[in-house]
Structure formats: C-alpha cells, structure tokens
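Numbering (the UniProt record's numbering), first residue to last: 1 to 146.
Here's the structure we're looking at; comments come further down.
Listed below in structure tokens is the structure:
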C-alpha cells in the first residue's frame with residue numbers, strides 16, 4: 001500500500017535560486033535531521049546517483065528526470081531500513097509571493113504483515129523529514145535576499 005505525502009513551502013526567493021538550492025542536495029544537511037549527502041560520480045543530472053543519510057536511515061537515490069526551474073524527480077534504489085519510494089518529485093512554481101516548492105513522496109514499507117501501519121509511520125516520518133529540509137531552504141534563501 002503506497003502512501004502519497006505532499007509537503008509545501010512558499011519561499012520568498014527567485015525561482016532559479018530556489019531550484020538550484022534544492023537540486024544540490026548537499027544543502028539538505030542544513031536541516032537538523034539530515035546528516036550527509038554525497039554524489040556517486042557525476043552530479044546534478046538525470047541518471048546520477050546520490051546517497052543521503054538522515055535520522056530515519058540511509059537512502060541511495062537515482063535522479064530520474066529534471067526540467068530546470070520546474071521539477072526534480074528521483075527514486076530510492078536502496079535504503080536502510082528497507083522502503084519502496086519509486087516516485088518523488090520536488091516541483092517549483094512562480095507565484096506573486098516568490099517560489100512555491102511542492103515535495104511529493106510516494107512511500108511504501110514492503111512488509112507483508114505490518115505494511116499498513118509501517119507505511120503510515122513512514123509517511124509521517126517523510127512529512128517531518130522533508131518539511132525540515134524545506135524550512136532550512138526557506139531560511140537560507142530568504143536570508144540571502146536581505
């Protein structure tokens with residue numbers, strides 16, 4: 001049972017700067033619960049891989065599609081603990097207030113007996129994790145303008 005989680009943040013910063021901040025996952029460690037982000041080989045394009053270490057575990061992610069200033073899509077290839085996250089998207093939209101960032105995560109915990117409660121828990125964890133990264137981006141990007 002896949003659970004879709006959506007978190008959003010309005011960031012008072014230009015679209016291009018906001019996109020670049022989130023595309024460079026090295027910035028994620030500015031969240032208090034993200035500890036490491038490293039790229040395997042080439043960086044910042046579709047087909048590349050990165051490893052993210054957060055309070056909830058280790059995730060090896062593959063960038064699947066990128067449209068500059070519009071979206072970044074990726075999937076989790078491997079993780080500890082084991083989760084299925086076949087689709088994740090960070091989308092960007094210009095508004096009168098700045099840039100709206102929408103992070104959409106499809107998460108599933110592949111356990112036959114405890115799938116529903118564990119997937120629900122993973123969804124809540126994802127909401128918390130990604131919200132802290134959004135807040136870190138907001139803080140840094142909005143402070144750059146001042």
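Every residue gets a Cβ at the ideal spot worked out from N, C-alpha and C, and that includes glycine.
Residue burial annotation: residue 97 is exposed, with fewer than 16 other C-beta atoms found within 10 angstroms of its C-beta.
Less than 8 Å divides the Cβ of residue 92 from the Cβ of residue 15. In the three-state reduction of the DSSP assignment, residue 25 falls in the helix class.
The three-state reading of DSSP puts residue 90 in strand, counting E and B together.
Between residue 85 and residue 53, the CB-CB gap reaches or exceeds 8 Å. Counting along the chain, the unbroken beta strand (DSSP E) around residue 72 starts and ends at 71-80.
Taken through DSSP and simplified to helix, strand or coil, residue 43 comes out as coil. Scanning its chain for C-beta atoms nearer than 7 Å, with the 5 sequence neighbours on each side dropped, one finds around residue 50 the residues 25, 37, 38, 39, 40, 61, in chain order.
Your pair residue 130 and residue 105 checks out as a contact, with CB atoms roughly 7 Å apart and the cut at 8 Å.
Comparing alpha-carbon positions, the option among 33, 117, 10, 81 lying closest to residue 132 turns out to be 33.
Taking each of 100, 22, 136 in turn and checking the Cα distance to residue 66, the smallest one comes out for 22.
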